[in-house]
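For the sequence shown, the working numbering gives the first residue as 376, with consecutive numbering after it. Note that beta-carbon positions come from the ideal geometry of N, C-alpha and C, so glycine has one too. Structure first, then comments.
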Amino acid sequence: MKILLGLSGGVDSSVAAYLLQEQGHEVTAGFMRNWEDDDGSPYCSVKEDFLDAAQVADKLNINLVQMNFASEYKEKVFSYFLNELNKGRTPNPDIYCNKFIKFKEFTNFAFKNNYDAVATGHYSNILKDNGNNYLAKSLDQTKDQTYFLSQIDKSLLGKIEFPLGGILKSEVRKIAEQENLITFNKKDSTGICFIGERPFPEFLNRYLPVNTGSIVDENGIEIGEHKGLYFYTIGQRQGLGIGGVKNRDEKAWYVADKDFDQNNLIVVQDNNHPLLFSSELKVSNINWLKQPNKKNITAKIRYRQEDQECEIHQAEGNLYVKFKNPQRAVTPGQFIVFYEDEICLGGGEIDI
Numbered sequence: 376m377k378i379l380l381g382l383s384g385g386v387d388s389s390v391a392a393y394l395l396q397e398q399g400h401e402v403t404a405g406f407m408r409n410w411e412d413d414d415g416s417p418y419c420s421v422k423e424d425f426l427d428a429a430q431v432a433d434k435l436n437i438n439l440v441q442m443n444f445a446s447e448y449k450e451k452v453f454s455y456f457l458n459e460l461n462k463g464r465t466p467n468p469d470i471y472c473n474k475f476i477k478f479k480e481f482t483n484f485a486f487k488n489n490y491d492a493v494a495t496g497h498y499s500n501i502l503k504d505n506g507n508n509y510l511a512k513s514l515d516q517t518k519d520q521t522y523f524l525s526q527i528d529k530s531l532l533g534k535i536e537f538p539l540g541g542i543l544k545s546e547v548r549k550i551a552e553q554e555n556l557i558t559f560n561k562k563d564s565t566g567i568c569f570i571g572e573r574p575f576p577e578f579l580n581r582y583l584p585v586n587t588g589s590i591v592d593e594n595g596i597e598i599g600e601h602k603g604l605y606f607y608t609i610g611q612r613q614g615l616g617i618g619g620v621k622n623r624d625e626k627a628w629y630v631a632d633k634d635f636d637q638n639n640l641i642v643v644q645d646n647n648h649p650l651l652f653s654s655e656l657k658v659s660n661i662n663w664l665k666q667p668n669k670k671n672i673t674a675k676i677r678y679r680q681e682d683q684e685c686e687i688h689q690a691e692g693n694l695y696v697k698f699k700n701p702q703r704a705v706t707p708g709q710f711i712v713f714y715e716d717e718i719c720l721g722g723g724e725i726d727i
């Protein structure tokens with residue numbers, strides 16, 4: 376097949392390119408530029424990543440094409456990110472980046488240019504069954520990325536290749552080293568998709584107004600000041616700036632809720648405080664990759680979480696989820712993703 380592979384300059388996509396080539400496919404590498412606001416900053420690695428991608432493409436003797444989706448990223452992903460933060464919610468830009476950039480703009484480019492399929496270095500699988508295509512977990516459960524792919528268009532599933540779905544991360548590193556790929560020991564990328572790791576408060580203050588307020592306990596007693604509700608997420612312990620509080624014990628404080636009307640950050644003591652737990656939630660913007668049978672369903676409310684048993688039901692046009700066991704730090708704006716065994720059913724945004 377003629378395949379356009381997203382080559383990011385990291386080890387995973389580098390090995391994905393090599394494996395596709397070994398399978399006999401005609402591979403072209405595509406490097407996406409999706410952020411340009413501060414390419415010269417020490418936190419933006421796009422130049423280094425492109426040089427690494429170019430060296431990998433040269434080593435494998437495959438063509439490398441550049442594409443710029445910076446305006447689309449800003450419109451579809453970054454604007455969503457800021458809007459959600461401004462509402463006091465905790466967004467997941469990586470999921471939107473996959474939905475609107477990697478598996479929309481990138482795939483549109485591929486099919487307009489007569490490629491048969493696209494590929495990426497994601498740790499996921501495509502399960503083919505009786506003419507149907509399903510998104511399935513990778514062999515390496517510690518790296519499985521179906522959570523981040525849960526919002527893509529299901530019509531694409533028959534046109535995607537995930538070469539790393541059947542191998543372990545350790546094997547990926549080993550292959551890269553054996554094939555003398557420059558990325559073999561490159562650190563995995565972290566931080567916001569295409570923006571990278573950087574001082575978060577300083578970065579956000581360039582785009583969102585500073586709106587300080589009170590930190591209060593569950594009884595409404597003020598114990599500190601917050602820097603803006605968007606800097607905090609449910610369940611957070613670090614970075615609250617609460618020192619010793621008079622007449623309180625020394626237990627750690629955790630974010631339990633946000634009061635937007637009063638601009639208060641509500642905190643509690645004790646990692647197992649009841650206010651940190653919830654058994655039910657509402658889901659919006661649901662994207663089904665496979666219709667659920669409503670039996671034997673599990674779900675994750677965050678990446679790397681163990682699958683949690685749950686039941687789902689529809690009411691008044693909304694989807695509701697009830698968990699067998701109470702869940703800690705259910706966070707509005709984050710995504711819940713559903714599974715039947717190894718198959719990813721899809722998911723949606725958490726509302727409470």
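(1) Does DSSP put residue 389 in a helix, a strand or coil?
(2) For residue 715, list the residues DSSP reports as bridge partners.
(3) I'd like to know whether the C-beta atoms of residue 664 and residue 509 end up nearer to each other than 8 Å.
(4) Per the DSSP calculation, residue 628 is bridged to which residue(s)?
(5) Give the single residue among 523, 379, 653, 580 whose Cα lies nearest to the Cα of residue 442.
(6) To the nearest whole angstrom, what separates the beta carbons of residue 620 and residue 723, a pair I think is in contact under 8 Å?
(7) Rounded to the nearest angstrom, what separates residue 407 and residue 523 at their Cα positions?
(8) For residue 408, report the span of its beta strand (DSSP E) as first-last.
(9) State whether the region 427 to 437 contacts the region 383 to 394, with contact taken as three or more CB pairs (one from each stretch) at a distance under 8 Å.
(10) Between the Cα of residue 675 and the Cα atoms of 704, 649, 648, which residue gives the shortest distance?
(11) With distances taken from CA atoms, which of 394, 581, 435, 401 is nearest residue 489?
(12) Are residue 512 and residue 504 touching if we call contact CB-CB under 8 Å?
(13) What are the partner residues of residue 727, as DSSP defines its beta bridges?
(14) Applying the criterion that 16 or more other CB atoms from any shown protein chain within 10 Å of the CB defines a buried residue, is residue 654 buried or exposed?
(15) Who does residue 438 pair with in a DSSP beta bridge?
(16) If we ignore side chains and look at the alpha-carbon of each, how far apart do residue 594 and residue 627 end up?
(17) Suppose you measure from the CA of residue 405 to the CA of residue 599; what does that come to, to the nearest Å?
(18) Within its chain, find whatever has a CB closer than 6 Å to the CB of residue 597; leave out the 5 residues flanking it on each side and keep chain order.
(19) Got a sec? Which residues, its chain only, sit under 6 Å from residue 540 by beta carbon, not counting five neighbours each side?
(20) Under three-state DSSP, which class holds residue 414?
(21) DSSP three-state call for residue 548: helix, strand or coil?
(22) Can you find at least 3 beta carbon pairs, one from the region 478 to 485 and one from the region 623 to 643, that sit closer than 8 Å?
(23) Excluding the 5 residues preceding and the 5 following residue 445 in the sequence, name in chain order all residues of the same chain whose CB lies nearer than 8 Å to its CB.
(24) Please look up how many angstroms separate the CB atoms of residue 735 and residue 525, rounded, as I've assumed it's under 8 Å.
(25) Excluding sequence positions up to five away, which residues of its chain have a Cβ less than 6 Å from the Cβ of residue 465?
(26) Can you tell me whether residue 533 is helix, strand or coil according to DSSP?
(27) Count the other C-beta atoms from every protein chain shown that fall within 10 angstroms of the C-beta of residue 475, then say buried if there are 16 or more, exposed otherwise.
(28) For residue 515 versus residue 556, is the C-beta distance shorter than 8 Å?
(29) When burial is assigned at 16 or more other CB atoms within 10 Å of the CB, is residue 477 buried or exposed?
Straight from the coordinates:
(1) Numbered from 1 along the sequence shown, position 14 holds the residue referred to as residue 389. Here residue 389 sits in helix by DSSP.
(2) Here residue 715 is taken as the residue at index 340 of the sequence shown, counted from 1. Partner(s): 718.
(3) Looking up residue 664 in the sequence shown gives position 289. Looking up residue 509 in the sequence shown gives position 134. Cβ distance < 8 Å, so residue 664 and residue 509 count as in contact.
(4) Looking up residue 628 in the sequence shown gives position 253. Bridge partners of residue 628: 644.
(5) In the sequence shown, the residue the question calls residue 442 occupies position 67. Nearest of 523, 379, 653, 580 to residue 442, Cα basis: 379.
(6) Here residue 620 corresponds to residue number 245 of the sequence shown, with the count starting at 1. Here residue 723 corresponds to residue number 348 of the sequence shown, with the count starting at 1. Actually they are not in contact, since the Cβ atoms of residue 620 and residue 723 sit about 38 Å apart, beyond 8 Å.
(7) Along the sequence shown, read from residue 1 onward, the residue named residue 407 stands at position 32. Along the sequence shown, read from residue 1 onward, the residue named residue 523 stands at position 148. Roughly 18 Å separates the two Cα atoms.
(8) Taking the sequence shown and counting its residues from 1, the one referred to as residue 408 is at position 33. It spans 401 to 408 - the beta strand (DSSP E) in which residue 408 sits, taken as one unbroken run.
(9) yes
(10) Taking the sequence shown and counting its residues from 1, the one referred to as residue 675 is at position 300. The shortest Cα separation from residue 675 among 704, 649, 648 belongs to 704.
(11) For the purposes of this step, residue 489 is taken as the residue at position 114 of the sequence shown. For the residues 394, 581, 435, 401, the minimum Cα distance to residue 489 belongs to 401.
(12) Residue 512 sits at position 137 when you count from the first residue of the sequence shown. Residue 504 sits at position 129 when you count from the first residue of the sequence shown. Their beta carbons are not under 8 Å apart, which means residue 512 does not touch residue 504 by this criterion.
(13) Numbered from its first residue, the sequence shown carries residue 727 at position 352. Answer is none; residue 727 lacks a bridge partner.
(14) The sequence position of residue 654 within the sequence shown is 279, counting from 1. Residue 654 is exposed by the Cβ-count criterion.
(15) Position 63 of the sequence shown, counted from the start, is the residue given in the question as residue 438. According to DSSP, residue 438 bridges with 403.
(16) Locating residue 594 in the sequence shown gives position 219, counting from the first residue. Locating residue 627 in the sequence shown gives position 252, counting from the first residue. If I take the Cα positions, the gap works out to 17 Å.
(17) Position 30 of the sequence shown, counted from the first residue, corresponds to residue 405. Position 224 of the sequence shown, counted from the first residue, corresponds to residue 599. Computed Cα separation, rounded: 49 Å.
(18) Walking along the sequence shown from the start, residue 597 turns up at place 222. The answer, listed in chain order, is 589, 591.
(19) One-based indexing of the sequence shown puts residue 540 at position 165. Excluding positions up to five away in sequence, the list reads 499, 500, 513.
(20) Within the sequence shown, residue 414 is the residue found at index 39, counting from 1. With a pLDDT of 49 at residue 414, under the threshold of 50, the modelled position of this residue cannot be trusted, and the question is left open.
(21) Numbered from its first residue, the sequence shown carries residue 548 at position 173. Helix at residue 548.
(22) no
(23) As a first step, residue 445 is located in the sequence shown; it is residue number 70 there, counting from the start. Closer than 8 Å at Cβ, skipping near neighbours: 408, 409, 410, 411.
(24) It is not possible to answer for residue 735, since the shown part of the chain is limited to 376 through 727.
(25) Locating residue 465 in the sequence shown gives position 90, where the first residue counts as 1. If we look at residue 465 and ignore the five residues flanking it on each side, its Cβ neighbours are 608, 706, 708, 709.
(26) Reading the sequence shown from its first residue, position 158 is the one you call residue 533. Of the three classes helix, strand and coil, the one that applies to residue 533 here is helix, per DSSP.
(27) Here residue 475 is taken as the residue at index 100 of the sequence shown, counted from 1. Burial call: buried.
(28) To locate residue 515, count along the sequence shown from 1; it is residue 140. To locate residue 556, count along the sequence shown from 1; it is residue 181. In this structure, residue 556 does not lie closer than 8 Å to residue 515 by Cβ.
(29) Taking the sequence shown and counting its residues from 1, one reaches residue 477 at position 102. Burial call: buried.
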